[in-house]
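Listed in order, the protein sequences are those of chains A and B.
Numbered by my numbering, the letters in the first sequence go through residues 1 to 19 in order.
Numbered by my numbering, the letters in the second sequence go through residues 101 to 178 in order.
Beta carbons: idealized from backbone N, C-alpha and C, even for Gly.
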Amino acid sequence: MAAPQLVMLANVALTSEVS
Amino acid sequence: RPLKVEDALSYLDQVKLQFGSQPQMYSEFLDIMKEFKSQCIDTPGVINRVCQLFNGHPDLIMGFNTFLPPGYKIDVQI
């Protein structure tokens, strides 16, 4: 994907919400 | 320098703090992130939604800009 840092932000946002 | 997970966490804390009295704003931000991950919206789509959501919060928009790929930037009006 062309926006790795945005993907990283999305991943962190979604995983931190689950925990 | 490349951003790290800590940078993302610290930005997310900033967003949560800013919307402490309006948790639905943070939920909406998470929805945008979900739609991006599931590829329902692309990078310009994310920019568009975040721009509307964080309207009136230039510091959050500037923070968000740091996560955007080269060539993308949300203009902040101060």
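Practice item. Output the boundary residues of the alpha helix (DSSP H) element that contains B:A108. Key: 105-118
**Study point:** As assigned by DSSP and simplified to three states, the class of B:F129
**Key:** helix
Exercise for review: Given a cut-off of 8 angstroms, decide if B:V115 and B:L160 are closer than it, judged by their beta-carbon atoms.
Suggested key: Annotated as proximal: B:L160 and B:V115, with beta-carbon spacing under 8 angstroms.
Practice item. Round the Cβ separation of B:L109 and A:V12 to the nearest angstrom and send it over; I've been treating them as touching at under 8 angstroms. Key: A Cβ-Cβ separation of about 6 angstroms places B:L109 in contact with A:V12 under the 8 angstroms criterion.
Check your understanding: Does any CB atom of chain A fall closer than 8 angstroms to the CB of B:F184?
Key -> With chain B covering only 101 through 178, there is no way to say anything about residue 184 of chain B.
**Study point:** Top-ranked residue by Cα proximity to B:Q152, from B:G163, B:D107, B:R101, B:I174
**Key:** Ranking B:G163, B:D107, B:R101, B:I174 by Cα distance to B:Q152 puts B:I174 first.
Practice item. Quick one: residues in its chain with C-beta nearer than 7 angstroms to the C-beta of B:G163, no 5 flanking neighbours on either side, listed in chain order? Key: Y111, Q114
Point to revise | B:V146 classed as buried or exposed, judged by whether at least 16 other C-beta atoms fall within 10 angstroms | key: buried
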